[in-house]
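Colleague: Residue numbers for the sequence shown follow the UniProt record's numbering, beginning at 1 and rising by one.
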Amino acid sequence: MLVGFFLRVAATAAVLAVICAIALTTPQPALAAVSGVCAAAYLVLTRTTVTRPTAVGITGFAVVGVLATTLPPGSSWLPLLAPVAVVLGIGVALSPFLRAED
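The following block contains the structure:
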């Protein structure tokens, strides 16, 4: 793993190996989410520092992934929630650009 800090290709190969291991097995959703968070943070750390927006994005995708696997497939209220979630996601993504500059 430490080789990835000096050779970025090794870090990418390590993350791809984790993705393959998760795809070929059937882990619990929480374990897959934690593995994804660690892999994403590792890739970010090999290239730059982790900033607050990066950490929020990584955590948000992990939470959405866990929720998507724990909800029953036939939820009738899900189509009502999806547009609201998209608008909120766009608002969060654009919030750094919409701040008023003094």
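Don't be surprised by glycine CBs; every beta carbon is placed ideally from N, CA and C.
(1) Apart from the five residues on each side of it in sequence, which residues of its chain come closer than 8 Å, Cβ to Cβ, to L71?
(2) Please confirm if the segment 27–34 is in contact with the segment 55–75, defined as three or more CB-CB distances below 8 Å between the two stretches.
(3) Just to confirm, are V15 and A39 a CB contact at a threshold of 7 Å?
(4) To the nearest angstrom, how far is the alpha carbon of R52 from that of A11?
(5) For T46 versus R8, is the C-beta distance shorter than 7 Å?
(6) Kindly indicate which three-state DSSP category L43 falls into: helix, strand or coil?
(7) How many angstroms separate the CA atom of L81 from the CA atom of F6?
(8) Rounded to the nearest angstrom, what separates T25 and P96 at their Cα positions?
(9) Note down, in chain order, each residue of its chain lying with its Cβ closer than 7 Å to the Cβ of S35, except the 5 sequence neighbours on either side.
(10) Leaving out the 5 sequence neighbours to the left and right, which residues in its chain are closer than 7 Å to T54 when beta-carbon positions are compared?
Modeller: The relevant details are as follows:
(1) For this step, residue 71 is matched to residue 71 along the sequence shown. The residues are L78.
(2) yes
(3) Locating residue 15 in the sequence shown gives position 15, counting from the first residue. Locating residue 39 in the sequence shown gives position 39, counting from the first residue. Cβ distance < 7 Å, so V15 and A39 count as in contact.
(4) On the sequence shown, position 52 is the one that residue 52 refers to. On the sequence shown, position 11 is the one that residue 11 refers to. Answer to the nearest angstrom: the Cα atoms are 22 Å apart.
(5) Residue mapping note: residue 46 aligns to position 46 of the sequence shown, counting from 1. Residue mapping note: residue 8 aligns to position 8 of the sequence shown, counting from 1. The answer is yes: Cβ separation under 7 Å.
(6) What you label residue 43 is simply residue 43 of the sequence shown in a count that begins at 1. Note: L43 maps to helix in three-state DSSP.
(7) For the purposes of this step, residue 81 is identified with residue 81 of the sequence shown, where counting begins at 1. For the purposes of this step, residue 6 is identified with residue 6 of the sequence shown, where counting begins at 1. Between L81 and F6, the C-alpha separation is close to 44 Å.
(8) On the sequence shown, residue 25 is found 25 positions in, with the first residue counted as 1. On the sequence shown, residue 96 is found 96 positions in, with the first residue counted as 1. Taking the straight line from one Cα to the other gives about 39 Å.
(9) As a working mapping, residue 35 is identified with position 35 in the sequence shown. Once the five neighbours on either side are set aside, the close Cβ partners of S35 are V18, I22.
(10) The residue given as residue 54 occupies position 54 in the sequence shown. V44, listed in sequence order.
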